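Visitor:
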Amino acid sequence: MKKHTVYYNLRDALVREGCPVCHIVLQGIARYLDGLLYESVNDPGVRKALREARGFCNEHAWQLREIGGALGIAIIHRDVIETVMAFIRRGRYRPTWSLSLQRLQETLSGDQPVAATADLVAVLEPQEECPACRQRRIMEDDYLNTLLQHLDDEGLAPALRTSAGLCLPHFRRALQLVRDEETFHRVVEWQLDCLERLHGELDELIRKHDYRFSGEDLGAEGDAWIRAIAQVSGEKRIR
């Protein structure tokens, strides 16, 4: 099987601490946003996608701020704001009949009469997925499929044996991508091996917090609690 850049990126990421897919995707999204800001803000397709998405999601919008590029950010958001303003100007309050069942349900629930503003609320919601989220999802599947295809690869084997495994969100997605029983058993066995190592380190960390053993120095298990957060929830900013 011919190996591509995705394979080699995965191999390099497996020797790092934490979920390899998280690390690769976070770096990839940063490059994607940087390239968009400095090369694609005037691309009609990009602008249309951002208008339909009503801008980036909260996570990726603020990641843009960290990258910088005031001009690109201004161009993107002016476009989105113009779109939003146009919908707001056309919006209408549509009162419901005061004795209607819908109004009664809304009153009993304690909410404002949502039916009256539902049309405007609907068009202000994102009509398409955040472009950066879509890019992240594509990258995740590319790397997870590559991992599943190369679980027996001699070039990856040493890194696989010592890696942290996948975070829980990426392991769930990997299971969704599995297409045969042999691959299922191999990826489950690998993931369990990785989790058992972390579980043992957490046991040791907890033991050393017992006053009877508090004089013992912390070893590699000292940051296991931080790694456990990433293992269960994914690396910071991956979701």
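Each step along the sequence shown adds one to the number in our numbering, with nothing skipped, and position 9 is 9. Built from N, CA and C at the ideal position, the CB exists for glycine as well. Since the model is a prediction, treat every value here as computed from it, not as a measurement.
1. What three-state label does DSSP hand N9 in the structure shown?
2. Could you check what DSSP says for K48 in three-state terms: helix, strand or coil?
3. Indicate the three-state DSSP secondary structure (helix, strand or coil) for D43 in the structure shown.
4. For a quick check, are the C-beta atoms of P131 and L71 less than 8 Å apart?
5. Does the Cβ of Q231 have 16 or more other Cβ atoms within 10 Å, making it buried, or fewer, making it exposed?
6. Is it true that the stretch 197-212 meets the stretch 126-141, where meeting means three or more beta-carbon pairs spaced less than 8 Å apart?
7. Please state the DSSP three-state secondary structure of K208.
8. Confirm, please, whether the CB-CB distance from E128 to E235 is below 8 Å.
9. For R197, does the three-state DSSP call read helix, strand or coil?
10. If you drop the 5 nearest sequence neighbours on each side, which residues of the same chain put their C-beta closer than 8 Å to that of I24?
11. From R78 to H170, what distance separates their C-alpha atoms?
12. Rounded to a whole number of angstroms, what is the C-alpha to C-alpha distance between A61 and G215?
13. Helix, strand or coil for K2? Go by DSSP, reduced to three states.
14. With a cut-off of 8 Å on the beta carbons, I'd call R54 and V84 a contact; round off their distance for me.
Guide: Once the coordinates are examined:
1. helix
2. helix
3. coil
4. no
5. buried
6. no
7. helix
8. no
9. helix
10. N9, L10, A13, M139 and Y143
11. 35 Å
12. 47 Å
13. Confidence at K2 is low in this model, with a pLDDT of 48, below 50, so the placement of that residue should be treated as unreliable; the coordinate-derived value is given next. Note: K2 maps to coil in three-state DSSP.
14. 7 Å
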